[in-house]
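A.B. asks: Here it is: the structure, laid out below.
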Amino acid sequence: MFPRIVYESFRHQARRKLLAGIAITLGVAVATAMIAVATDIGDKINRELRSYGANLVVTPQEDTLDVEVGGVNLKPPSDGAFLNEADLPKIRGTFWHNNIVGFSPMLPVTVKIGNGSGAKDVTLVGTYFNKPLHFGKQDFTTGVRITHPWWKVEGSCGDGALPRSGRVEDSPAACSWPNDGSRDILVGERLAAKLAKKPGDTLEVAGRQLTIFGILSTGTAEDDEIVAPLALAQQILGKPGAVRRVYVSALTKPQDAFATQDPNTMTPEVRDRWYCSPYVQSIAFQLQEVIPHSHAEQIRQVAQNEGTVLSRIKGLMLLVTLAALFASALAVSAAMATAIFERRVEVGLMKALGAGSLAVSAIFFAEALLLALAGGIAGFSAGALLARQIGHSIFNSQISIEPVLLPVILAIAVFVTFAGSATAIRRAVKFDPVFALRGEG
Amino acid sequence: MSAIPGTLHTPKQVADRRAQAPHTSMFTRMLLRAAVLRRRRAAAALLAMVVAAAVATAMMNLYVDVQAKLRTEFRNYGANVVIVGKDGKSLPADALTKVESAAGAGAKVLAVPFSYAVARTKDGRSVVVVGTDFTRARQLNHWWKVSRWPDGPNEALIGVRAANVVSPNRQPFELTFQGKTIELTTAGMLQTGAGEDSRIYLDQSEFQNWTGVAPSTIEIAATGTAAEVESFVRQLAQLLPSADTRPVRQIMEAEANVLTKTRATLYASATLVVLTSALCVLATLMGWVFDRRRDFAIMKAVGASERLVNGFFAAEAAAMGAVGAILGFFIGIGVAVWIGRANFHAPVVPRFSVFPYVFAGSVAVAFISAILPVTMLRRIQPAMILRGE
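Sequence order for the protein chains is A and B.
Going by the numbering used here, 434 is the number at position 371 of the first sequence; the sequence numbering is gapless.
Going by the numbering used here, 8 is the number at position 2 of the second sequence; the sequence numbering is gapless.
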């Protein structure tokens, strides 16, 4: 009898069931989408924060002081120690290699440009633009286009911005930087204005005739400098394989008290936990391990602030998600309460025929359970689609939903539906059947 | 009217009493009685209305205010505008005052002067010495890790890498610039992971007494929208034609990038939340009106016109929407202020400009949720409803 009552109720009151079902579906969809977005927002914003550039710098351990004022390097070029370029791909072999978005080596060299009386000293920086490298079985590309996204090359790359995916391969074909194997150079915009040079001109640098590939605009010291492929800078300096420092851009976890502890004073288990957390400190530690005679340090301007920004945005999304969950719970409860309230006459009839309060409540709860499950599954799928859509249109990347979330969402849907129905069911059951049947609400 | 016992009811007396009674139209009386007699249902409907309006208000308020809050957070990244003397020359002496006067209208600006010189240590090594205003530098560069800020005469702040060269044991040291020697003591160590680590920082006036070099760089943190900062940069360029004013692209572009993404996410989320709240109101109010189909039937049975009945339910919904919006607005403002405190440690400024939207939205949703069931009921004969079918 019990299943038949429930079945017939669904068959004959399809309209009412549909309304309640829609409310549950929409509520669950919003809740699912918001939970998915909120859990993923940290990762997404972390990636966006990488547009601030590198957050770690690796220097030789025995390095001498930098003597640099306003982009002019006064340090003797061969002074100090160097890192070995051959060690760089090993950065991909660290524990957190998946968190390392990119790295660029830098080799500043002071060079003479022009000849005769017009000669003057400028800094030439050798680096990777977008160099293909491989470590073990991994093939990857790295360079300033990833670590310094605000660098723009005039004339050749539109606004110079990387595509949203952060992958250089996705840029339009017209958007090109000098080839890392070439002997083409980029000239900083202020230097180019002083020299009255434009792309395609040649410039005599340290006795070599080099082609200006484009005009570089960075808003920093490089505007007065020349940027060239690393191999060319090494050749000019006469030190093959030399690198002065490496900028590393890594996805990190906001630091806490644990992060700043000294790994040498930790017990082995604690140290393992520290080592396996993507703190900027532990990534720096791992970089020092793979690159011999190096010293890795966080760039505090970038590294220290991203934690705060990240936690603010995450906190905000958490609160908004709570508001969304609250609103959807309320909407589901309201719909259920309304649906049950309309059925007092039915309750009156059932009670007049001798049904106990328990039996009547059981019927309603069974219906609520079915509605919640159906609405929950439909809402979960709709919410997943919605989250995907949000991820696609805002971050241009996937917001994936863990299937683990489904039972959780279903449980929440059932709970909220029950909670919303409970008061209405109690009132419906308590209502005197005589009044109900006479239609006196 | 039988509520007044023991009085005679001659037609004249009744007419007199009615004339004296406060004049409330039948329409208002019906509205009020409906709300009073079905307190619980009315309260439930109103509650839904209030909650929805509150959530909508909080979301809109946050959406408007969060951008300003995040911009303030982003200023922790330091300067977003830099003024540099052309070809390394010093800036005019009044540059700093000019920058600060240009800030004027609303925009919060923090300007820090820097002057540079290359001095030699006793053993002939070169080191960059910087003169600055420590109080301002401290406000601008929150990420500087400083063991102690200098506060006495001849005290210097020393970058960790410079310290290894000039004063490995933190002993007093001498520096020479163009034949003039100064003796300094170490106040504290500076660590940033960037160029600052190789430099020595001195107070600007001491630096200038020693070297005679005036500031050549002013770093500025200007808080405001991208457009505000741009116009500020243009204004500065006009005020200081002898210098090179430029935005720090690394900071500005990254900030715009993160801000746009956050705003878009917040917008999407706020829309979803507001829509869900509207759904909640719709479900509750529709139930509330549908439930009163007997009132509807009786009104029609005693001869109320279609227009009157529609007007009645519409007015009721509008009243509920209005009351709900006003109550909800203030609760929502409270929630937004609380979120501001909890998340940004600064209160969100109440935006009264969102009130018209919340109000109009609430009334509109209430209206729709009332009219929908009424149009459904219109097709049914009053007699059927009254018979309870």
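We put the beta carbon where it would ideally sit given N, CA and C, even for glycine.
Being a predicted model, the structure only gives us computed values, none of them experimental.
At a cut of 8 Å, does the segment 388 to 395 of chain A reach the segment 79 to 95 of chain A through at least three beta carbon pairs?
C.D. replies: Contact between the segment 388 to 395 of chain A and the segment 79 to 95 of chain A is present, because at least three Cβ pairs lie under 8 Å.
A.B. asks: Please list, in chain order, all residues of the same chain as Pro353 of chain B whose beta carbon is under 7 Å from its beta carbon, the five residues on each side excluded.
C.D. replies: Here residue 353 of chain B refers to the residue found at position 347 of the second sequence. So the qualifying residues of the chain are Val343, Gly346 and Arg347.
A.B. asks: If distances are taken between C-alpha atoms only, which option among A:Asp325, A:Pro355, A:Ile354 and A:His356 comes closest to Tyr342 of chain A?
C.D. replies: On the first sequence, residue 342 of chain A is found 279 positions in, with the first residue counted as 1. Comparing Cα positions, the closest option is A:Asp325.
A.B. asks: Output the distance between the C-alpha atoms of His358 of chain A and Thr122 of chain A, rounded to the nearest integer angstrom.
C.D. replies: Residue mapping note: residue 358 of chain A aligns to position 295 of the first sequence, counting from 1. Residue mapping note: residue 122 of chain A aligns to position 59 of the first sequence, counting from 1. If you take the alpha carbons of His358 of chain A and Thr122 of chain A, they lie about 5 Å apart.
A.B. asks: Alpha carbon to alpha carbon, how far is Glu161 of chain B from Ala149 of chain A? Give it in angstroms, no decimals.
C.D. replies: Within the first sequence, residue 149 of chain A is the residue found at index 86, counting from 1. Within the second sequence, residue 161 of chain B is the residue found at index 155, counting from 1. About 43 Å.
A.B. asks: Taking its Cβ as the centre, do 16 or more other Cβ atoms sit within 10 Å of Ala389 of chain B, making it buried, or is it exposed?
C.D. replies: Translated into positions along the second sequence, residue 389 of chain B becomes position 383. Exposed.
A.B. asks: Measuring only between beta-carbons, confirm whether Asp297 of chain B sits less than 8 Å from chain A.
C.D. replies: Here residue 297 of chain B corresponds to residue number 291 of the second sequence, with the count starting at 1. For Asp297 of chain B, the answer is yes, since a Cβ of chain A falls inside 8 Å of its Cβ.
A.B. asks: Please confirm whether Gly206 of chain A and Phe192 of chain A have their CB atoms less than 8 Å apart.
C.D. replies: Taking the first residue of the first sequence as 1, we reach residue 206 of chain A at position 143. Taking the first residue of the first sequence as 1, we reach residue 192 of chain A at position 129. Yes, the Cβ-Cβ distance between Gly206 of chain A and Phe192 of chain A is below 8 Å.
A.B. asks: Using a Cβ-Cβ distance under 8 Å, would Arg308 of chain A count as near chain B?
C.D. replies: Taking the first sequence and counting its residues from 1, the one referred to as residue 308 of chain A is at position 245. Judged by the 8 Å Cβ criterion, Arg308 of chain A is not in contact with chain B.
A.B. asks: State the DSSP-derived secondary structure class of Pro388 of chain B, mapped to helix, strand or coil.
C.D. replies: Here residue 388 of chain B corresponds to residue number 382 of the second sequence, with the count starting at 1. Correct three-state label for Pro388 of chain B: helix.
A.B. asks: From Leu6 of chain B to Val105 of chain B, what distance separates their C-alpha atoms?
C.D. replies: Nothing in the structure corresponds to residue 6 of chain B, since chain B is present only between 7 and 395.
A.B. asks: Find the residues of chain B that neighbour Val100 of chain A, judging by a C-beta separation of less than 9 Å, and give them in chain order.
C.D. replies: Translated into the one-based positions of the first sequence, residue 100 of chain A becomes position 37. In chain order: Thr271, Ala274 and Ser275.
A.B. asks: So the alpha helix (DSSP H) Phe296 of chain B belongs to, where does it begin and stop?
C.D. replies: Position 290 of the second sequence, counted from the first residue, corresponds to residue 296 of chain B. Counting along the chain, the alpha helix (DSSP H) containing Phe296 of chain B begins and ends at Arg255 to Phe296.
A.B. asks: Would you say Leu97 of chain B reaches chain A, if we count a Cβ-Cβ gap shorter than 8 Å as a contact?
C.D. replies: Counting from 1 along the second sequence, the entry for residue 97 of chain B is found at position 91. It does not: the Cβ of Leu97 of chain B has no partner Cβ on chain A nearer than 8 Å.
A.B. asks: With a CB to CB cut of under 6 Å and the five nearest residues on each side skipped, what residues in its chain are close to Asp103 of chain A?
C.D. replies: The count along the first sequence starts at 1 and reaches residue 103 of chain A at position 40. Excluding sequence neighbours, Asp103 of chain A sits near Ile462.
A.B. asks: According to the neighbour-count rule (16 or more other Cβ atoms, all chains shown, within 10 Å of its Cβ), is Thr290 of chain B buried or exposed?
C.D. replies: Your numbering for residue 290 of chain B matches position 284 in the second sequence. Buried, since its Cβ has 16 or more Cβ neighbours within 10 Å.
A.B. asks: If we define contact as Cβ-Cβ less than 8 Å, is Met64 of chain A a contact residue for chain B?
C.D. replies: Along the first sequence, read from residue 1 onward, the residue named residue 64 of chain A stands at position 1. With 8 Å as the cut-off, Met64 of chain A does not count as an interface residue toward chain B.
A.B. asks: Verify the CB distance criterion: does Gly177 of chain A have a CB-CB separation below 8 Å to chain B?
C.D. replies: Counted from its first residue, the first sequence places residue 177 of chain A at position 114. It does not: the Cβ of Gly177 of chain A has no partner Cβ on chain B nearer than 8 Å.
A.B. asks: Would you kindly work out how many angstroms separate the C-alpha atoms of Arg246 of chain A and Gly218 of chain B, rounded to a whole number?
C.D. replies: The count along the first sequence starts at 1 and reaches residue 246 of chain A at position 183. The count along the second sequence starts at 1 and reaches residue 218 of chain B at position 212. C-alpha separation (whole angstroms): 43 Å.
A.B. asks: Touch check for the segment 156 to 170 of chain A and the segment 298 to 311 of chain A: three-plus C-beta pairs under 8 Å?
C.D. replies: Cβ pair count under 8 Å is three or more, so yes.
A.B. asks: Going along the segment 249 to 269 of chain B in order, which residues come within less than 7 Å of chain A, judged by CB to CB distance?
C.D. replies: Here the close residues are Arg252, Pro253, Val254, Arg255, Gln256, Glu259, Ala260, Asn263, Val264, Lys267 and Thr268.
A.B. asks: Determine whether the beta carbon atoms of Ala305 of chain A and Gln318 of chain A lie at a separation below 8 Å.
C.D. replies: Looking up residue 305 of chain A in the first sequence gives position 242. Looking up residue 318 of chain A in the first sequence gives position 255. Against a cut-off of 8 Å, the Cβ pair of Gln318 of chain A and Ala305 of chain A comes out as no contact.
A.B. asks: Considering Lys377 of chain A, what are the terminal residues of the alpha helix (DSSP H) in which it resides?
C.D. replies: Residue mapping note: residue 377 of chain A aligns to position 314 of the first sequence, counting from 1. From DSSP, the alpha helix (DSSP H) with Lys377 of chain A extends over Arg363 to Phe404.
A.B. asks: Is the CB of Ile164 of chain B under 8 Å away from at least one CB in chain A?
C.D. replies: If you number the second sequence from 1, residue 164 of chain B lands on position 158. Closer than 8 Å: no.
A.B. asks: For a contact defined as C-beta to C-beta under 8 Å, what are the partners of Leu76 of chain B on chain A?
C.D. replies: Along the second sequence, one-based indexing puts residue 76 of chain B at 70. Per Cβ cutoff of 8 Å: Val372, Arg375 and Ile376.
A.B. asks: If we ignore side chains and look at the alpha-carbon of each, how far apart do Ala485 of chain A and Leu500 of chain A end up?
C.D. replies: Counting from 1 along the first sequence, the entry for residue 485 of chain A is found at position 422. Counting from 1 along the first sequence, the entry for residue 500 of chain A is found at position 437. Cα to Cα, the separation comes out at about 22 Å.
A.B. asks: Indicate whether at least one CB of chain B lies closer than 8 Å to the CB of Ser114 of chain A.
C.D. replies: The count along the first sequence starts at 1 and reaches residue 114 of chain A at position 51. Answer yes: the Cβ-Cβ gap between Ser114 of chain A and chain B drops below 8 Å somewhere.
A.B. asks: Taking only beta-carbon positions, decide if Ala54 of chain B is within less than 8 Å of chain A.
C.D. replies: By one-based count along the second sequence, residue 54 of chain B stands at place 48. Chain A contact via Cβ: present.
A.B. asks: Please report whether the beta-carbon of Ser132 of chain B lies at a distance below 8 Å from any beta-carbon of chain A.
C.D. replies: For the purposes of this step, residue 132 of chain B is taken as residue 126 along the second sequence, with counting starting at 1. Yes, its Cβ sits closer than 8 Å to a Cβ of chain A.
A.B. asks: Taking Val158 of chain B as the reference, which of B:Gly194, B:Ala324, B:Ala321 and B:Ser204 has the closest Cα?
C.D. replies: Position 152 of the second sequence, counted from the first residue, corresponds to residue 158 of chain B. The identity of residue 158 of chain B in the sequence shown is Gly, whereas the question assumes Val. The option with the nearest alpha carbon to Gly158 of chain B is B:Gly194.
A.B. asks: Among the residues of its own chain, which have a CB less than 7 Å from the CB of Phe350 of chain B, if the five just before and after it don't count?
C.D. replies: Looking up residue 350 of chain B in the second sequence gives position 344. Excluding residues within five positions, the ones whose Cβ falls inside 7 Å are Lys75.
A.B. asks: Note down, in chain order, every chain B residue with its Cβ under 7 Å from the Cβ of Ala394 of chain A.
C.D. replies: Counting from 1 along the first sequence, the entry for residue 394 of chain A is found at position 331. Within 7 Å Cβ-Cβ: Thr282, Leu285, Cys286 and Ala289.
A.B. asks: If you pair each beta-carbon of the segment 311 to 320 of chain B with each one of the segment 44 to 52 of chain B, do three or more pairs fall below 8 Å?
C.D. replies: Because the criterion of three Cβ pairs below 8 Å is not met, the segment 311 to 320 of chain B and the segment 44 to 52 of chain B do not touch.
A.B. asks: Please say whether Ala447 of chain A and Glu464 of chain A have beta carbons closer to each other than 8 Å?
C.D. replies: Your numbering for residue 464 of chain A matches position 401 in the first sequence. Your numbering for residue 447 of chain A matches position 384 in the first sequence. A small fix is needed here, since residue 464 of chain A is Ile in this sequence, not Glu. Against a cut-off of 8 Å, the Cβ pair of Ala447 of chain A and Ile464 of chain A comes out as a contact.
A.B. asks: Compute the beta-carbon to beta-carbon distance between Ser72 of chain A and Pro212 of chain A, rounded to the nearest angstrom, for a pair I have assumed lies under 8 Å.
C.D. replies: Working through the first sequence from its first residue, we reach residue 72 of chain A at position 9. Working through the first sequence from its first residue, we reach residue 212 of chain A at position 149. Their Cβ separation, rounded to whole angstroms, is 60 Å, which puts Ser72 of chain A and Pro212 of chain A out of contact at 8 Å.
A.B. asks: Terminal residues of the continuous alpha helix (DSSP H) containing Thr138 of chain B?
C.D. replies: Position 132 of the second sequence, counting from 1, holds the residue named residue 138 of chain B. Premise fails: Thr138 of chain B lies in the beta strand (DSSP E), Ser132 to Thr138, not in any alpha helix (DSSP H).
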